[in-house]
């Protein structure tokens, strides 16, 4: 046994213990940030960072001196509705935008993000109309309802019917404006609490006067170009909301039930082909099938198809015209007591039926038989009842055939009017068309109804009230999409789409749209600046008139349009006083949001915005309306307002159902941030207290702050629907905890790091050092590329793999011994590697977990702080890396060896022979041991790499007797032709005693440090300050 050195003897005479000589991590970095600290970090990593980059990042392209060559990265915000509390869908959207902005900021760009809100429209008006009832419940209950996570469509529908009738338009607007203002404030607080940076001090709001003027300017330009006109034609109409709706405002009820009927329409004018075999105008009928019997009073024609073969059958003493392919079906639905049908005319073409006419018993008029391309013989009877006032295809067919006028005897509330049955108006007037109206219409028809039945089908419903929507002809303002359709689709050729399927989806919606109904019959919106002649009803939307009205709006605001006062105020000098009145229609809210691009500045040779980011439903909403308005007022060249479109999916609950406020399965983001969605933390029993005293009944939850919500977004593949469930959140929280403890350990290890000295020692890196830096470089390049293409989920997967496998399971396991117990050179060399790791991984997590990165920066050792400031302010230069075949093979050889050693150690543990993997010897033997492993053994690295006390190589199996032995074969990754082991490992008991300082079994006895530790202690004796 070697005698202790003088340094050891000196150490033994002092009060210092061996543990005092260990260099353990030292940092005050806390387990969790306090609420106050989080607020400070949020201020620095969001508001301060955004302001800093607006000042310190260049705004001009380096390649141009033009003042218009703005090189800002612009993300234009799709405005959320200001009508309720935020939910995780908002979090997905806002945080995804923030991730994109921060990734661009990292690349040296100056970014621009001005948040906005959609303030007008039906959702806000309906919610505002519920306020009288809410006020009766008290202010506290009102606020609770205003921030509710569940919509109440029934209450909204009732409010629209019962309250708005008693209020003036000005009062409705006052209430709606107040609601929108309050909601914007609440939503803004939530968005900012997630660390979303932007120009929160000057958001755009579609109810602001300045914005409304810009919107009206777009409307005026479209009128100038002849793209806006007023027509009486069918539109989607919501009786529950009493307004026209756009397609984007529809949802669909797949289980809508209605009364369908087969109705005989008497042929009062027989086509020549039927003037035979006893058929007369008193005994022949065209049989039609309809799911909307309430539209029969509006019938104007019967449609057939020229190439369909029809037949005439005799049923009792009458004749029916039916498509030949539908005979079997018709026979199957006749009552059992009905006589059988007899064929009279075998084949009659649709063309031959033209010229005939049926009788509309309600109107006392004739309805001609015409050919229509949309008629089929796959359902119904092959003959279609045509009501141009209640169907767009019907309207277009009648327009083409010159049939009119359009009749739609239904009022705003969906009730039949006196026009439905002029001869006996009291029979139908005032009846709800879809319920009592159906029953009464069929009753009036009497024997003309062959049979009726209940039918279930897909039917549009109002997206707010969830009540059925009808098609109804009314006088509305339309934008002629067909005139700019080709130009709009051409503009998409210069737009990139994520996912790529978005282009096909948007193009499809554009192709299927010809007219855009831009008028609404609600009070809360931007008024359509139209004046109507009191006597003729003629509308005035001349350029001079719109300009005059806009000037009044600039002075008095749009609310003045709905207030009492003289109409003459709104008349320009060319209109006769006293002859004109203001209209009361407002603009579709999709026109509002579709013109938000007016808040952006022109950029030379660039679209107004680099990217739009919204949910996939916006292909038929905001993406489309923005493109249409911008294309309408633009020049000859087709240009979209955006350079890229990124769409994300919807949020799914634990059952895979889409989260919806109307279903009540929406989760509040605060539940994710404060940890209350996850199981509570188990209470720890406090010393000195009995069970009853130490247990607090109130559960405690592990709150990790907004970064857990951000990491959930970054971890999700947003191109499809995103799951929000407890198992998912647990994984996310574990990952964030891994980042946090890793940063804490790194900061502790680097507390005494001398950057100059550590770099000097970096010339003698071990294989583990080289390997982890190689993996760091490759991962960094891959993460950079993933962020560049906005595939954050792919980047986070790479980050997690590096933290878990390359750091925790590999490098940290190897380097801890040297960091805690090694000599100065070892620590300095390792600190160089650890500092490199910390610097790079903070770049990876900067966009995703800015609060954590800002917090870690606050605890950075002063000597390691960069002159460039916070990591969030630094530019991440594109990593350059090359794959080293030699390193890849070496890593494969090491992992194969390490895996075999761990398997053998696990066997020893299960047998009770091994407690700590460090306290064993590994013997490697065989004729095919790779040369690298031999080199690692010669250089003294192998034992440390395997985290064992000793490692030895040999050609044959160990011959010395041991208390125990566990063996495993090693098959190299590239050994494809055989599964036989190339060599073997044996885990054996250590040959020496456990060192009291480093715990490796390399000491002569349990009281004396091992030779390496003796060297370190001597070094410490000469340099006590370390």
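Numbering (the UniProt record's numbering), first residue to last: 1 to 1026.
Beta carbons: idealized from backbone N, C-alpha and C, even for Gly.
Residue 333: member of the alpha helix (DSSP H) spanning 327-333, first to last residue. Remark: C-beta atoms of residue 248 and residue 235 do not approach each other more closely than 8 Å. Residue 904 and residue 668 have their C-alpha atoms roughly 49 Å apart. Residue 860 and residue 799 have their C-alpha atoms roughly 21 Å apart. Around the beta carbon of residue 201, fewer than 16 other beta carbons sit within 10 angstroms, so the residue counts as exposed. Judged by DSSP in its simplified three-state form, residue 701 adopts coil rather than helix or strand. The Cβ atoms of residue 866 and residue 874 sit closer than 8 Å to each other. Residue 99 has its alpha-carbon roughly 29 Å from the corresponding atom of residue 488.
For residue 33, the closest of 723, 702 and 412 by C-alpha to C-alpha distance is 702. Secondary structure of residue 804 (DSSP, three-state): helix. According to DSSP, residue pairing for residue 456 in a beta bridge involves 257. Here DSSP, grouped into helix, strand and coil, assigns residue 952 to strand.
As DSSP reads the structure, residue 497 sits in a beta bridge with 645. For the pair residue 80 and residue 52, the CB atoms are not nearer than the 8 Å cut-off. Bounds of the alpha helix (DSSP H) holding residue 886 are 885-910.
By the beta-carbon neighbour count (other beta carbons within 10 angstroms, threshold 16), residue 93 is buried.
Distance check between residue 889 and each of 384, 774, 738 and 745 places 774 closest, using alpha-carbon atoms only.
By the Cβ-count criterion, residue 569 is exposed, with fewer than 16 other Cβ atoms from all chains shown falling within 10 Å of its own Cβ.
Contact between the stretch 497-511 and the stretch 552-565 is not established, with fewer than three Cβ pairs separated by less than 8 Å.
Under the three-state reduction of DSSP, residue 969 is assigned to strand. The stretch 705-719 and the stretch 636-652 touch, with no fewer than 3 CB-CB distances between them shorter than 8 Å. DSSP places residue 224 in the uninterrupted alpha helix (DSSP H) bounded by 209-224. For residue 681, the closest C-alpha among the options 674, 699, 665 and 30 is that of 699.
In the structure shown, the three-state DSSP call for residue 998 is coil. A straight line joining the alpha-carbon of residue 172 with that of residue 222 spans about 29 Å. Bounds of the alpha helix (DSSP H) holding residue 622 are 622-633. Distance between residue 509 and residue 834, taken at the CA atoms: about 53 Å. Per DSSP, the beta bridge partners of residue 988 are 921.
Shown here, residue 360 sits in a strand according to DSSP, grouped into three states.
Around the C-beta of residue 424, fewer than 16 other C-beta atoms lie within 10 Å, and the residue is accordingly described as exposed.
Under the DSSP assignment, residue 185 falls in the alpha helix (DSSP H) whose first and last residues are 169-193. Rounded to whole angstroms, the gap between the alpha carbons of residue 952 and residue 895 is 18 Å. In the DSSP assignment, residue 371 forms a beta bridge with 304.
Taking 8 Å as the cut-off, the beta carbon of residue 966 is found closer than this to the beta carbon of residue 907.
Separation of the CB atoms of residue 626 and residue 597 is rounded to 6 Å, and the pair is thereby assigned contact status at 8 Å. Under the three-state reduction of DSSP, residue 939 is assigned to coil, being neither helix nor strand.
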